[in-house]
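Written below as structure tokens is the structure these notes are about.
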Amino acid sequence: MSRTMYKKLSTALAIVCGLMAASCNDYLDQSPLSNITPDDYLREESQLAAYAVGRYPDILPSHANWSFGTFGYDGNTDDMAIPALDNKYMPGLWRVPSTAGDWNFANIFQVNYFLQTAVPRLKNGEITGNEANIRHYIGEVYFLRAFEYFKKLQALGDFPILRTTLPDNQETLAAASVRNPRNEVARFIISDLDSAALMMQPTAPVGGTNRLSRNVAYLLKSRVALFEGTWLKYFKGTAFVPKGTDWPGAAKEYNANYQFPSGSIDGEIDYFLTQAMAAAKEVASKVPLVNNTGIILSANNENPYFNMFSAENMSQYSEVLLWRQYNRTLVTHNVPVNAQAGNYANGLTRSMVESFLMANGLPIYAAGSGYKGDDFISTVREGRDGRLNLFLKEPGQKNVLLNLAQGTHATEIEPTPQIWESSYEKKYSTGYTIRKGLTYDAAHCGNGAGYTGSITFRAVEAYLNYIEAVYEKTSALDGDATTYWQQIRARAKVSTDIDKTIAATQMTKETNDWGAYSGNRLVSATLYNIRRERRNELMAEGLRFMDLKRWRAMDQMVNTPYHVEGFKLWGPMKDWFTAAQLTYGATNNSAVVSDPALSNYLRPHEIRSNADSYKGTRWAMAHYLSPIAAQHFIVTGTAADATTSPIYQNPGWPLSAGSPPTGY
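The numbers in the working numbering rise by one with no breaks, and the one at position 10 of the sequence shown is 767.
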């Protein structure tokens, strides 16, 4: 492949598998130590195993250093706030990029190269080793392609489906840039996951739960199918689904006469929800939840549910289906240090904290709930859902029970929330922080030297996926859904009387929760409580924005700003701080907290009036999908007219670089 063509395509086309061809060839051109040539590679079991696991870090989420790891992925949602509000919540600031963006295919090329090489060789008996193991590693790569495509589906919707690598030919690459309708992409992902489940073993040949397995394929299948089924349901008839009003795909000849495989969008919704139910049940019916034994008070008082999120070895927890292992001398991260401090400035929101029920199953506002109010963090936690009691930090708590002398950056006693700090390493953005991911062993608290595991998939999501899918499909709960829900609540130490909770829920008092809405309308109390359970159980696990998008939950912020809030600063807790630590005033450049005139609750994005976020959190409909960078249209179209490209832009986004969305 020519470097000229590579450079041209890598900045624009990205389907433009020239980008991937170059990256793959650069890798293969450097012969392994054994001097195996590309033609000889992927011909024996260990090579397939190494290639597959080598793709994990680039495709699957895990902890990285100098951050809160995966526990910080929910930042910039209604669950968690960081100091800098993302541009997607300030319409006019998110603009079409000139190059790069989500329209890229580097990882897709890598997995396609493997599959187009290994699958025929398996069929021809050209790979040496244990056949079951060989099939497992091929199944892993089908899974990885599915996961990568799911990321594209979430970001871009309609997307080209590529099953092989492509030659370095401009015309061929441009032709392959046609966008398949999003439901077809989702069906392709499900097909790959079916292949993965068929080929992978219940337990990986080596590595245990450090490697993919059949249950992980079923879990992801349930996630993908639920995502697409609910997306189609809540965006039905709009430009964000095939054949909807102003769907941009209809302007291209190759999609002009598109017909749904099931005959209608309602048929597609039913198909995906049915797939989600079946796949989720495969996992939920087989994998038990770990036990929650309550608050840890001493080094000898272990709680499997708490420790599951911060153990060195997570293979002991049945619920953890896939996790990444770290090593103190090889690969480390800084999550333990940040979990003992301000969560790297990822603060829980008031909305998140208030969504948790009381232990008796009542919302905090319900008569007889027993809620003690939020004048102090201690009263916020009292009598609440055991997950909030377990994971919400409170000043004075012990953060270290073991090896204090080994932790150069350990915080033994939880301090007063340092809301005035400016650095992410010290700042408590909202006053509320979590203990999820905290280890009581200071041996992990050297600066950037943590080696606790990182969960990628856990089985409780399958329980939640089944509950939601069956209700979205039938508007009722079946026996399995009820059982799964009660098991989750029992583990959370919340009353298992679900009907009591639903009856006490007043949707007009749940409006701080974005998930209370779909398409600018409040959902039913039953559906909301299903979403609430999901939110509470999966707090800080990186799935919140995915859920909010598929529920179409941000419409209400198109015309009315939302104000992200933290703890009740301007009440008795203000006495925790000095006057300097409470400097405020919209026009005061020294301000470190929000003005009490705005709210009694700390507003982390509304401290100074010269900040774009001072107007509150807002939304534009176009932001449900990401824009495609301008140069992709230029490279694949004629030089004078980008509209001749086979690629079409997402709803509301223009073709020109640097432009905000219009009309949405």
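C-beta atoms are modelled at their ideal positions from N, C-alpha and C, and glycine is treated no differently.
Give me the Cα-Cα distance between residue 946 and residue 853, rounded to the nearest whole angstrom.
-> Here residue 946 is taken as the residue at index 189 of the sequence shown, counted from 1. Here residue 853 is taken as the residue at index 96 of the sequence shown, counted from 1. So the two alpha carbons sit approximately 27 Å from each other.
For residue 968, which three-state DSSP category applies?
-> The residue you call residue 968 lines up with position 211 of the sequence shown. Coil, per DSSP.
Assuming residue 1394 contacts residue 1400 (C-beta within less than 8 Å), just tell me the rounded distance between them.
-> Position 637 of the sequence shown, counting from 1, holds the residue named residue 1394. Position 643 of the sequence shown, counting from 1, holds the residue named residue 1400. Sure, about 7 Å apart at Cβ, within 8 Å.
DSSP on residue 711, reduced to helix/strand/coil?
-> A question about residue 711 goes unanswered here, because the residues of the chain that appear run from 758 up to 1421.
Give the straight-line distance between the Cα atoms of residue 1417 and residue 932, rounded to the nearest whole angstrom.
-> Stepping through the sequence shown from its first residue, residue 1417 is reached at position 660. Stepping through the sequence shown from its first residue, residue 932 is reached at position 175. Going from the Cα of residue 1417 to the Cα of residue 932 covers about 28 Å.
By Cβ distance, which residues of its chain are closer than 7 Å to residue 819, with the 5 residues on each side in sequence left out?
-> Against the sequence shown, residue 819 aligns to sequence position 62. Its chain contains 827, 1081, 1211 and 1213 as the residues whose beta carbon lies nearer than 7 Å to that of residue 819, once the 5 sequence neighbours on both sides are disregarded; these appear in chain order.
Option in 1359, 1332, 1329 and 1328 with minimal Cα separation from residue 1342 | Here the question's residue 1342 lines up with position 585 in the sequence shown. Residue 1342 has its Cα closest to that of 1359, out of 1359, 1332, 1329 and 1328.
Check residue 939 in the structure and name its three-state DSSP category.
-> To locate residue 939, count along the sequence shown from 1; it is residue 182. Helix.
What are the residues that DSSP puts in a beta bridge with residue 1374?
-> Along the sequence shown, one-based indexing puts residue 1374 at 617. Under DSSP, residue 1374 shares a beta bridge with 1319.
With 16 as the cutoff for other CB atoms within 10 Å, does residue 1032 come out buried or exposed?
-> In the sequence shown, counting from the first residue as 1, residue 1032 sits at position 275. By the neighbour-count rule (16 or more Cβ atoms within 10 Å), residue 1032 is buried.
Do the segment 882-892 and the segment 1275-1293 meet, that is, are 3 or more Cβ pairs less than 8 Å apart?
-> No, they do not touch.
Starting from residue 929, trace the alpha helix (DSSP H) both ways and give me its first and last residue.
-> Residue mapping note: residue 929 aligns to position 172 of the sequence shown, counting from 1. From DSSP, the alpha helix (DSSP H) with residue 929 extends over 927-932.
In angstroms with no decimal places, state the Cα-to-Cα distance between residue 1238 and residue 1217.
-> Counting from one through the sequence shown, the residue named residue 1238 turns up at place 481. Counting from one through the sequence shown, the residue named residue 1217 turns up at place 460. Their backbone Cα atoms lie some 12 Å apart in a straight line.
Should residue 883 be labelled buried (16 or more other beta-carbon atoms within 10 Å of its own) or exposed?
-> Looking up residue 883 in the sequence shown gives position 126. Residue 883 is exposed by the Cβ-count criterion.
Residue environment, residue 998, which counts as buried when at least 16 other CB atoms sit within 10 Å = Here residue 998 refers to the residue found at position 241 when the sequence shown is read from its first residue. Per the 10 Å Cβ criterion, buried.
On the DSSP bridge assignment, give the partners of residue 1211 in chain order.
-> Walking along the sequence shown from the start, residue 1211 turns up at place 454. Paired residues: 1081.
Just to check, is the beta-carbon of residue 1097 closer than 7 Å to a non-hydrogen atom of the ligand ADP?
-> Absence of the ligand ADP is noted for the structure shown, with no ligands found whatsoever.
What's the C-alpha gap between residue 1378 and residue 1276?
-> Within the sequence shown, numbered from 1, the residue matching residue 1378 stands at position 621. Within the sequence shown, numbered from 1, the residue matching residue 1276 stands at position 519. Their backbone Cα atoms lie some 10 Å apart in a straight line.
Exposure label - residue 783; buried when at least 16 CB within 10 Å | Along the sequence shown, read from residue 1 onward, the residue named residue 783 stands at position 26. Interpretation of residue 783 is limited by its pLDDT of 31, a score under 50 that renders its predicted location unreliable; no figure is taken from the coordinates.
What is the rounded straight-line gap between the Cα of residue 1133 and the Cα of residue 1012?
-> To locate residue 1133, count along the sequence shown from 1; it is residue 376. To locate residue 1012, count along the sequence shown from 1; it is residue 255. Near 58 Å, if we compare the C-alpha coordinates of residue 1012 and residue 1133.
Rounded to a whole number of angstroms, what is the C-alpha to C-alpha distance between residue 1419 and residue 1226?
-> Taking the first residue of the sequence shown as 1, we reach residue 1419 at position 662. Taking the first residue of the sequence shown as 1, we reach residue 1226 at position 469. Computed Cα separation, rounded: 34 Å.
CA-CA distance, residue 1010 and residue 1228?
-> In the sequence shown, counting from the first residue as 1, residue 1010 sits at position 253. In the sequence shown, counting from the first residue as 1, residue 1228 sits at position 471. Put simply, the backbone Cα of residue 1010 is about 38 Å away from that of residue 1228.
Would you give the residue range spanned by the alpha helix (DSSP H) that residue 1161 belongs to?
-> Numbered from its first residue, the sequence shown carries residue 1161 at position 404. Here residue 1161 belongs to no alpha helix (DSSP H), and DSSP marks it neither H nor E.
Going by alpha carbons, who is nearest to residue 1187 out of 1322, 1130 and 1272?
-> The residue given as residue 1187 occupies position 430 in the sequence shown. For residue 1187, the closest of 1322, 1130 and 1272 by C-alpha to C-alpha distance is 1322.
Secondary structure at residue 845, three-state DSSP: helix, strand or coil?
-> On the sequence shown, residue 845 is found 88 positions in, with the first residue counted as 1. Reduced to three states, the DSSP call for residue 845 is helix.
Do residue 1220 and residue 1041 have their C-beta atoms closer together than 8 Å?
-> Here residue 1220 corresponds to residue number 463 of the sequence shown, with the count starting at 1. Here residue 1041 corresponds to residue number 284 of the sequence shown, with the count starting at 1. Against a cut-off of 8 Å, the Cβ pair of residue 1041 and residue 1220 comes out as a contact.
Jot down the residue ranges of each uninterrupted alpha helix (DSSP H) in the segment 1040-1097, minimum 4 residues, whole runs only, in chain order.
-> 1061-1064 and 1092-1096
Which residues in the same chain as residue 896 place their Cβ atom closer than 6 Å to its Cβ, once the five residues preceding and following it in sequence are excluded?
-> On the sequence shown, residue 896 is found 139 positions in, with the first residue counted as 1. Closer than 6 Å at Cβ, skipping near neighbours: 953, 956 and 957.
Any idea what DSSP makes of residue 838, helix, strand or coil?
-> Position 81 of the sequence shown holds residue 838. In the structure shown, residue 838 sits in a strand (DSSP, three-state: E or B).
Could you check where the alpha helix (DSSP H) with residue 1108 kicks off and where it finishes?
-> As a first step, residue 1108 is located in the sequence shown; it is residue number 351 there, counting from the start. Note, residue 1108: alpha helix (DSSP H), 1107-1112.
What's the C-alpha gap between residue 1200 and residue 1061?
-> Here the question's residue 1200 lines up with position 443 in the sequence shown. Here the question's residue 1061 lines up with position 304 in the sequence shown. So the alpha carbons of these two residues sit roughly 19 Å apart.
Identify whether residue 1198 lies in helix, strand or coil by the three-state DSSP scheme.
-> Position 441 of the sequence shown holds residue 1198. In this structure, residue 1198 counts as strand in the three-state DSSP scheme.
Going by C-alpha distance, which of 1034, 1148 and 1128 is nearest residue 1051?
-> In the sequence shown, residue 1051 corresponds to position 294, counting from 1. Nearest C-alpha to residue 1051: 1148.
Closest residue to residue 1458 among 800, 834 and 1404 (Cα-Cα distance) | Summary: the structure shown does not reach residue 1458, with the chain confined to residues 758 through 1421, and so no result is reported for it.
Smallest Cα separation from residue 950: which of 965, 963 and 970?
-> Here the question's residue 950 lines up with position 193 in the sequence shown. Minimum Cα distance to residue 950 is reached at 970.
Would you tell me roughly how many angstroms separate the C-alpha atoms of residue 1351 and residue 1316, rounded to the nearest one?
-> Counting from one through the sequence shown, the residue named residue 1351 turns up at place 594. Counting from one through the sequence shown, the residue named residue 1316 turns up at place 559. Taking the straight line from one Cα to the other gives about 23 Å.
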